[in-house]
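Undergrad: Numbering (my numbering), first residue to last: 13 to 176.
Backbone N, C-alpha and C define an ideal beta-carbon position, used for all residues, glycine too.
Here's a structure for you.
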């Protein structure tokens, strides 16, 4: 796992990304994507809310392929609940299996559950480090962690930095 400062919206639809989600389905059948990176990505790709809602109803609150190289990464059971570390761990394991099955060589995601979800980033990083390898780029750069990367204007501008 590596860390980056890239904005998910700059690569959404072009490269594989995962967005943090919850398991709430609204009365119209679409997933509740009302805050954070899910809201921003759903605004650009409006069909993913309906697709995720259907997938949650038929297959549960799990990692799902939403199309356009976008994958869900559940961190909360409901829109109103806080993120749960056990759900982050399960989602990380499911995303790893999907990345391996599809032969994805790089996927970018936010540090799950640490924004609006309320989880401690040190605990989340400890869980993710046990599961993710260098194919996984996390978009929040923690202080003083080796192996961070900075991104200039494009994903092609990746540069390895030590001791960031």
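Helix or strand or just coil, what does DSSP make of residue 73?
TA: Translated into positions along the chain shown, residue 73 becomes position 61. It is coil, neither helix nor strand.
Undergrad: Taking 6 Å as the limit between beta carbons, can you name the residues of its chain near residue 61, skipping five residues before and five after?
TA: What you label residue 61 is simply residue 49 of the chain shown in a count that begins at 1. Correct list, in chain order: 42, 43, 45 and 54.
Undergrad: To the nearest angstrom, how far is it from the Cα of residue 130 to the Cα of residue 114?
TA: Counting from 1 along the chain shown, the entry for residue 130 is found at position 118. Counting from 1 along the chain shown, the entry for residue 114 is found at position 102. Near 31 Å, if we compare the C-alpha coordinates of residue 114 and residue 130.
Undergrad: Can you find the residues in the same chain that come closer than 8 Å, C-beta to C-beta, to residue 25, ignoring five residues on each side of it along the sequence?
TA: In the chain shown, the residue the question calls residue 25 occupies position 13. Correct list, in chain order: 56, 57, 80, 81 and 82.
Undergrad: Please confirm whether residue 122 and residue 73 have their CB atoms less than 7 Å apart.
TA: To locate residue 122, count along the chain shown from 1; it is residue 110. To locate residue 73, count along the chain shown from 1; it is residue 61. No, the pair does not count as a contact, with Cβ atoms beyond the cut-off.
Undergrad: Taking the beta carbon of residue 21 as the centre, do at least 16 other beta carbons fall within 10 Å, making it buried, or is it exposed?
TA: Here residue 21 refers to the residue found at position 9 when the chain shown is read from its first residue. So residue 21 ends up on the exposed side.
Undergrad: Evaluate residue 71 with the Cβ neighbour count: other Cβ atoms within 10 Å of its Cβ, from every protein chain shown; 16 or more gives buried, anything less gives exposed.
TA: One-based indexing of the chain shown puts residue 71 at position 59. Answer is exposed; the Cβ neighbour count stays below 16.
Undergrad: Is residue 27 a contact residue of the ligand ATP, with contact defined as CB to any heavy atom under 6 Å?
TA: For the ligand ATP, the structure offers nothing, since it holds no ligand at all.
Undergrad: Tell me the DSSP bridge mates of residue 149?
TA: Taking the first residue of the chain shown as position 1, residue 149 is located at position 137. Looking at the DSSP assignment, residue 149 forms a beta bridge with 14 and 120.
Undergrad: List the endpoints of the continuous alpha helix (DSSP H) containing residue 34.
TA: What you label residue 34 is simply residue 22 of the chain shown in a count that begins at 1. Careful: residue 34 lies outside any alpha helix (DSSP H), inside the beta strand (DSSP E) at 28-34.
Undergrad: Taking the straight line between their C-alpha atoms, what separation do you get for residue 97 and residue 104?
TA: Walking along the chain shown from the start, residue 97 turns up at place 85. Walking along the chain shown from the start, residue 104 turns up at place 92. Between residue 97 and residue 104, the C-alpha separation is close to 10 Å.
Undergrad: Identify, in the order they occur along the chain, each residue of the same chain with its Cβ nearer than 6 Å to the Cβ of residue 28, setting aside the five sequence neighbours on each side.
TA: As a working note, residue 28 is residue 16 in the chain shown. Here the set comprises 81, 116 and 119.
Undergrad: Starting from the Cα of residue 152, find the closest Cα among 144, 128 and 124 and give me that residue.
TA: Position 140 of the chain shown, counted from the first residue, corresponds to residue 152. For residue 152, the nearest C-alpha among the options comes from 124.
Undergrad: Residue ranges of each alpha helix (DSSP H) run of no fewer than 4 residues wholly in the stretch 75-142, ordered along the chain?
TA: The qualifying runs are 97-114.
Undergrad: Within a Cβ cutoff of 6 Å, which residues of the same chain sit near residue 127, ignoring the five residues on either side of it in sequence?
TA: Translated into positions along the chain shown, residue 127 becomes position 115. Excluding positions up to five away in sequence, the list reads 48.
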